[in-house]
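If you read the protein sequences in the order shown, they are chains H and G.
Sequential numbering of the first sequence, starting at 14, is according to this note's numbering.
Sequential numbering of the second sequence, starting at 14, is according to this note's numbering.
Number of protein chains: 2
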Amino acid sequence: MERKLLLLGLLQMQEMHGYQLNEMIDAHLSTSIDFKKPTIYKLLGQMRDVGWLEQREEEAGNRPPRRVYSITPAGRDAFKALLRESLAAYKPTDFIDHISLAFLDHLSPAETVPLLENRKAQIQALLHRVQSYDPHQGSMQLMVEHQIRHLEMEITWLEEVIERVVTKGIGMPGGTHHDRNE
Amino acid sequence: MERKLLLLGLLQMQEMHGYQLNEMIDAHLSTSIDFKKPTIYKLLGQMRDVGWLEQREEEAGNRPPRRVYSITPAGRDAFKALLRESLAAYKPTDFIDHISLAFLDHLSPAETVPLLENRKAQIQALLHRVQSYDPHQGSMQLMVEHQIRHLEMEITWLEEVIERVVTKGIGMPGGTHHDRNE
DNA sequence: TATAACATGTAACAAGTTACATGATTTC
DNA sequence: GAAATCATGTAACTTGTTACATGTTATA
């Protein structure tokens with residue numbers, strides 16, 4: 014539903030066609046969310062079918078006509094309902110992509126540190142990209158600021174982990190066990 | 014691949030059967046990751062088929078026999094390779110579940126604040142659950158600490174957002190526009 | 001004149017979850 | 001004797017991405 018919320022929110026500002034929505038999302042939100050064209054087109058069709066959106070065809074020469082979507086009163090209601098629901102409900106973040114951190118002690122510090130430094134460099138690169146954004150309008154800017162906070166936290170956290178690996182004290186009780194070998 | 018990494022990591026400590034792995038994950042990681050039984054069983058089968066795991070059947074009375082998996086040398090190699098790869102590569106977090114924050118200004122502050130307070134309460138509840146965990150062994154503890162950091166950040170961030178909504182200054186430039194209505 | 005940008009979409013695939021199926025054993 | 005726990009798995013569904021298909025118009 015969050016993806017529908019996003020589309021409805023953007024269409025609330027002005028009517029747009031799919032390609033245009035894709036550009037918007039690409040330009041302003043690509044660092045923080047994945048949302049690809051086929052999905053956009055599909056959801057637009059779905060929302061049109063249930064009456065949240067109205068479709069208007071815009072002919073322009075011989076190319077595929079633009080399908081311009083505008084939000085209907087029903088769509089506006091749906092938007093508000095989704096928005097309230099989504100604001101009030103917190104969905105816990107999935108940490109599966111960080112599971113490797115749990116097995117840090119299976120590698121030697123000498124090997125671990127450069128890997129973590131590499132990871133850190135990537136986060137930093139992303140942070141710089143996000144920071145270089147022009148300010149967005151209204152509360153849209155909150156998305157950017159939130160991501161910046163998040164990335165900054167990730168970096169300081171990683172630095173601490175690296176520090177702990179270096180000074181050897183990784184997981185609290187003496188239980189450090191990376192095994193002897195190549 | 015992260016899920017396979019997790020299974021391999023757990024099986025590196027000791028051989029286990031699927032049900033047991035599921036219990037482990039449930040007990041120690043359920044606050045931070047989703048990983049359900051059917052997925053576990055499927056991945057165990059896959060990894061057995063490619064020779065990363067060895068399967069041994071343990072009969073016990075008349076009930077379905079336990080299929081106990083132990084990691085093979087090939088599995089150990091795969092584990093290390095996956096671990097290195099996964100440590101070095103940062104996969105950006107998806108913020109789609111936070112998109113509602115971008116449309117905060119479509120609701121009146123009077124309505125927004127309680128919704129956000131509710132959201133905050135949920136994060137706090139989760140934080141308390143995570144904090145009540147016994148310390149995990151070795152670097153596994155890092156997962157817990159990371160999640161705690163994350164949740165604390167989310168809470169302070171939300172508090173700031175609430176503050177900004179209350180004092181009206183939401184998204185930087187004067188562009189606050191929540192529309193007049195019921 | 002080749003490539004990028006414009007504009008739409010379908011089809012195949014991926015990677016999970018939820019719901020269902022089965023049956024023994026232990027606990028209340 | 002009912003319900004929870006132990007133990008396995010399959011099947012259907014969900015929700016998204018990637019790859020492909022198509023054709024026009026502007027740009028290098």
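Even for Gly, the Cβ is constructed at its ideal location relative to N, Cα and C.
**Asked** Just checking my contact of E273/H with S83/H at CB under 8 Å: how many whole Å lie between their CB atoms?
**Response** Residue 273/H cannot be examined here, being either before or after the span of chain H that is shown, 14 to 195.
**Prompt:** Residues in the stretch 134-160 of chain H with C-beta within 7 Å of chain G's C-beta atoms, listed in sequence order?
**Reply:** Q135, I136, L139, P148, Q150, G151, S152, M153, Q154, L155, M156, H159 and Q160
**Message:** If the criterion is Cβ atoms closer than 8 Å, does the pair N41/H and H149/H meet it?
**Reply:** Mapped onto the first sequence, residue 41/H falls at position 28. Mapped onto the first sequence, residue 149/H falls at position 136. Note on residue identity: the sequence assigns His, not Asn, to residue 41/H. Cβ distance < 8 Å, so H41/H and H149/H count as in contact.
**Which listed residue (N75/G, Q144/G, T85/G and R177/G) has its alpha carbon closest to that of L164/G** = For the purposes of this step, residue 164/G is taken as the residue at position 151 of the second sequence. It is Q144/G.
**Asked** Among residues of its own chain, excluding the 5 on either side of L114/H, which ones have a beta-carbon nearer than 8 Å to its beta-carbon?
**Response** On the first sequence, residue 114/H is found 101 positions in, with the first residue counted as 1. Here the set comprises V174.
**Asked** For the stretch 74-89 of chain H, which residues have a beta carbon sitting closer than 8 Å to at least one beta carbon of chain G?
**Response** none
**Message:** For R177/G and I183/G, which I take to be in contact (beta-carbon distance under 8 Å), what is that distance rounded to the nearest angstrom?
**Reply:** One-based indexing of the second sequence puts residue 177/G at position 164. One-based indexing of the second sequence puts residue 183/G at position 170. Right, the Cβ-Cβ distance comes to about 6 Å (below 8 Å), so this counts as a contact.
**Prompt:** Which runs of the beta strand (DSSP E) fall wholly inside the stretch 66-113 of chain H and span at least 3 residues, in chain order?
**Reply:** 66-71 and 79-84
**Prompt:** Can you find at least 3 beta carbon pairs, one from the stretch 127-134 of chain G and one from the stretch 101-108 of chain H, that sit closer than 8 Å?
**Reply:** yes
**Prompt:** Taking all protein chains shown into account, do 16 or more other C-beta atoms lie within 10 angstroms of the C-beta of H11/H, making it buried, or fewer, making it exposed?
**Reply:** Outside the displayed span of chain H (14 to 195) sits residue 11/H, for which this structure offers no information.
**Message:** Just to confirm my understanding: we take L20/H, look at its own chain, exclude 5 residues before and 5 after, and list those with CB closer than 8 Å. What are they?
**Reply:** By one-based count along the first sequence, residue 20/H stands at place 7. Excluding residues within five positions, the ones whose Cβ falls inside 8 Å are L34, I53, L56, L57 and M60.
**Prompt:** Grouping DSSP H, G and I as helix and E and B as strand, with all else coil, what is H163/G?
**Reply:** On the second sequence, position 150 is the one that residue 163/G refers to. If DSSP states are grouped into helix, strand and coil, H163/G belongs with the helices.
**Request:** Find the nearest neighbour of D90/H within the set G64/H, E172/H and P105/H, judged by alpha-carbon distance.
**Result:** As a working mapping, residue 90/H is identified with position 77 in the first sequence. Cα-wise, what sits closest to D90/H is G64/H.
**Item:** Residue from G88/H, M29/H and K50/H with nearest C-alpha to R69/H
**Value:** The sequence position of residue 69/H within the first sequence is 56, counting from 1. Minimum Cα distance to R69/H is reached at M29/H.
**Request:** Measure from the C-beta of I168/G to each C-beta in chain H and report whether the shortest distance is under 8 Å.
**Result:** Here the question's residue 168/G lines up with position 155 in the second sequence. Cβ-Cβ to chain H under 8 Å: no for I168/G.
**Request:** Answer yes or no: does any C-beta atom of chain G fall closer than 8 Å to that of S99/H?
**Result:** Against the first sequence, residue 99/H aligns to sequence position 86. It does: the Cβ of S99/H has a partner Cβ on chain G nearer than 8 Å.
**Prompt:** If the cut is a Cβ gap below 7 Å, which residues of chain G does V126/H touch?
**Reply:** Numbered from its first residue, the first sequence carries residue 126/H at position 113. None at all; the shortest Cβ gap to chain G is about 10 Å.
**As assigned by DSSP and simplified to three states, the class of K181/G** = As a first step, residue 181/G is located in the second sequence; it is residue number 168 there, counting from the start. K181/G falls in the coil class under three-state DSSP.
**Item:** Beta-ladder partner(s) of M29/H, from DSSP
**Value:** For the purposes of this step, residue 29/H is identified with residue 16 of the first sequence, where counting begins at 1. Answer is Y82/H, bridged to M29/H.
**Asked** What did DSSP end up calling M14/H once you bin it into helix, strand or coil?
**Response** In the first sequence, counting from the first residue as 1, residue 14/H sits at position 1. Correct three-state label for M14/H: coil.
**Three-way DSSP call (helix, strand, coil) for L120/G in this model** = In the second sequence, residue 120/G corresponds to position 107, counting from 1. Three-state result, L120/G: coil.
**Prompt:** CA-CA distance, L120/G and G22/G?
**Reply:** By 1-based counting over the second sequence, the position of residue 120/G is 107. By 1-based counting over the second sequence, the position of residue 22/G is 9. Roughly 47 Å between the two C-alpha positions.
**Asked** Taking Cβ to Cβ, would you say L95/G is nearer than 8 Å to M14/G?
**Response** Residue numbering aside, residue 95/G sits at position 82 when the second sequence is read from its first letter. Residue numbering aside, residue 14/G sits at position 1 when the second sequence is read from its first letter. Result yes, Cβ atoms of L95/G and M14/G sit closer than 8 Å.
**Asked** What does a CB cutoff of less than 8 Å around R80/H pick up in its chain, not counting 5 residues either side in sequence?
**Response** Taking the first residue of the first sequence as position 1, residue 80/H is located at position 67. For R80/H, where only same-chain residues beyond five positions count, the Cβ hits under 8 Å are H30, G31, L57, Q68, R69, E70 and E71.
**Asked** In its own chain, which residues sit with a C-beta less than 7 Å from the C-beta of R162/H, not counting the 5 before and 5 after it?
**Response** For the purposes of this step, residue 162/H is taken as residue 149 along the first sequence, with counting starting at 1. Taken in chain order, the list of residues that qualify is empty.
**Prompt:** Is it right to say P105/G is buried, meaning 16 or more other beta carbons lie within 10 angstroms of its own, or is it exposed?
**Reply:** Locating residue 105/G in the second sequence gives position 92, counting from the first residue. Buried, since its Cβ has 16 or more Cβ neighbours within 10 Å.
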